[in-house]
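In the UniProt record's numbering, the protein residues as written are 1 to 349. Virtual Cβ for every residue (Gly too), placed ideally from N, Cα, C. Treat the numbers as computed from the prediction; the structure is a model and nothing was measured.
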């Protein structure tokens, strides 16, 4: 293993070493372990460097890594992140499109995100301490997306030209594709580099031997894999249950379950009208809403897909979630009680 610049290690050296993946996760975090796993299986990842929590980083160190990189992605990689039981999806910080001179400060902020309020709200964790960081060139993607497999030769694929960060942040309602029995449902499947993207995701799963939560982008015409982690909670089938109520809005079935309660359209994180047990109704599934999500009986959004960070956290919390309704914040604003059907992706009286 190359110590590199002050203990910084490049992915190629770690992938070529005999270091077991569990030891990679301990030293460099869960995100790093997933990237090493991809590279060892022959899948293209970005040039990547791992920065342990105890290693200092200066501007000269950053420019020495790669003089050709004008903007960087600074990503969290906690040892607990991207695990089999908990994803910690979006709960730690990452910073994108960071210029070289600003990378050391960005690294410091990401390292310190182990003590943020989102972690305390979801997992009652006070402080993870400084966490490892992953450094990569920031890629201007022509297209980016997410896949979550179902463990049975299928899964859900979501993508957008707005970038992976927009898809996982829930700030866009992405294009969506369902796969069953290794085939897309419906025609016009997304193709990347001459191959159906869903088939490519299934190929990764076969190599990993399990259902995967994958992030990818297309950069300069090439498919690049950005993340590989186990699926912690499967996406609902989207099949609606029986109901005699009037459907008010419908969207994407993002987290299973049925809940009846008072819808509360929330515009800020400290809305005084909010009460535990309310149905959280927001424009999009920003991870910043997580402290309220832990108190909500269900979540409904105007914008966003079923594979966003907040949708994943909803599934891990076990609360129904319907995303991408388009008009939920308007349609539900004056209603006293509604039922959220997270299995079928609808809200009814």
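Residue i burial status per 10 Å Cβ neighbour count (16 or more: buried)
i: residue 267; result: exposed
i: residue 181; result: exposed
i: residue 337; result: exposed
i: residue 54; result: exposed
i: residue 99; result: exposed
i: residue 80; result: buried
i: residue 222; result: exposed
i: residue 186; result: exposed
i: residue 263; result: buried
i: residue 63; result: exposed
i: residue 42; result: exposed
i: residue 129; result: exposed
i: residue 215; result: buried
i: residue 65; result: buried
Between the CA atoms of residue j and residue i - distance to the nearest angstrom
i: residue 226; j: residue 178; result: 21 Å
i: residue 22; j: residue 48; result: 19 Å
i: residue 290; j: residue 92; result: 12 Å
i: residue 328; j: residue 170; result: 15 Å
i: residue 34; j: residue 229; result: 6 Å
i: residue 317; j: residue 68; result: 42 Å
i: residue 325; j: residue 274; result: 21 Å
i: residue 220; j: residue 277; result: 47 Å
i: residue 58; j: residue 308; result: 33 Å
i: residue 19; j: residue 248; result: 54 Å
i: residue 330; j: residue 340; result: 16 Å
i: residue 335; j: residue 84; result: 39 Å
i: residue 286; j: residue 90; result: 9 Å
i: residue 143; j: residue 161; result: 4 Å
i: residue 94; j: residue 234; result: 24 Å
i: residue 281; j: residue 200; result: 35 Å
i: residue 32; j: residue 194; result: 29 Å
i: residue 70; j: residue 105; result: 16 Å
Residue i and residue j closer than 8 Å at C-beta
i: residue 349; j: residue 246; result: yes
i: residue 332; j: residue 265; result: yes
i: residue 347; j: residue 300; result: yes
i: residue 319; j: residue 257; result: yes
i: residue 303; j: residue 173; result: yes
i: residue 323; j: residue 211; result: no
i: residue 342; j: residue 236; result: yes
i: residue 146; j: residue 167; result: yes
i: residue 134; j: residue 107; result: no
i: residue 114; j: residue 77; result: no
i: residue 224; j: residue 139; result: yes
i: residue 24; j: residue 14; result: yes
N- and C-terminal bounds of the alpha helix (DSSP H) containing residue i
i: residue 313; result: 309-317
i: residue 180; result: Note, residue 180: premise wrong, no alpha helix (DSSP H); beta strand (DSSP E) at 175-180.
i: residue 104; result: 103-111
i: residue 28; result: 21-28
i: residue 12; result: 11-16
i: residue 203; result: 197-208
i: residue 328; result: 328-331
i: residue 168; result: 164-169
i: residue 281; result: Note, residue 281: premise wrong, no alpha helix (DSSP H); beta strand (DSSP E) at 279-282.
Residue nearest to residue i in terms of C-alpha spacing, selected from the options
i: residue 36; options: 16, 55, 53 and 54; result: 16
i: residue 136; options: 72, 294 and 316; result: 72
i: residue 252; options: 311, 56, 103 and 131; result: 311
i: residue 132; options: 161, 9 and 307; result: 9
i: residue 207; options: 13, 19 and 40; result: 40
i: residue 279; options: 305, 314 and 188; result: 314
i: residue 184; options: 97, 157 and 163; result: 157
i: residue 152; options: 134, 202 and 84; result: 202
i: residue 344; options: 150, 259 and 103; result: 259
i: residue 11; options: 45, 191, 250 and 61; result: 45
i: residue 149; options: 198, 129, 112 and 165; result: 198
i: residue 56; options: 305, 134 and 7; result: 7
i: residue 141; options: 269, 97 and 111; result: 97
i: residue 288; options: 205, 296, 130 and 269; result: 269
i: residue 159; options: 281, 217 and 105; result: 217
i: residue 321; options: 190, 25, 296 and 24; result: 296
i: residue 164; options: 200, 334 and 305; result: 305
i: residue 111; options: 64, 139 and 28; result: 28
i: residue 51; options: 30, 70 and 38; result: 30
i: residue 213; options: 61, 88 and 65; result: 88
i: residue 38; options: 189, 209 and 105; result: 209
First and last residue of the uninterrupted beta strand (DSSP E) at residue i
i: residue 216; result: 212-219
i: residue 230; result: 222-230
i: residue 266; result: Counting along the chain, residue 266 falls outside any beta strand (DSSP E), and DSSP gives it neither H nor E.
i: residue 345; result: That residue, residue 345, is in no beta strand (DSSP E); it is neither H nor E in DSSP.
i: residue 137; result: 133-137
i: residue 62; result: Not the beta strand (DSSP E): residue 62 falls in the alpha helix (DSSP H), residues 59-65.
i: residue 96; result: 95-99
i: residue 156; result: 155-160
Distance cut-off 7 Å: residue i Cβ against heavy atoms of the ligand ADP
i: residue 130; result: Judged by which ligands are present, the structure shown has none, so any question about the ligand ADP falls away.
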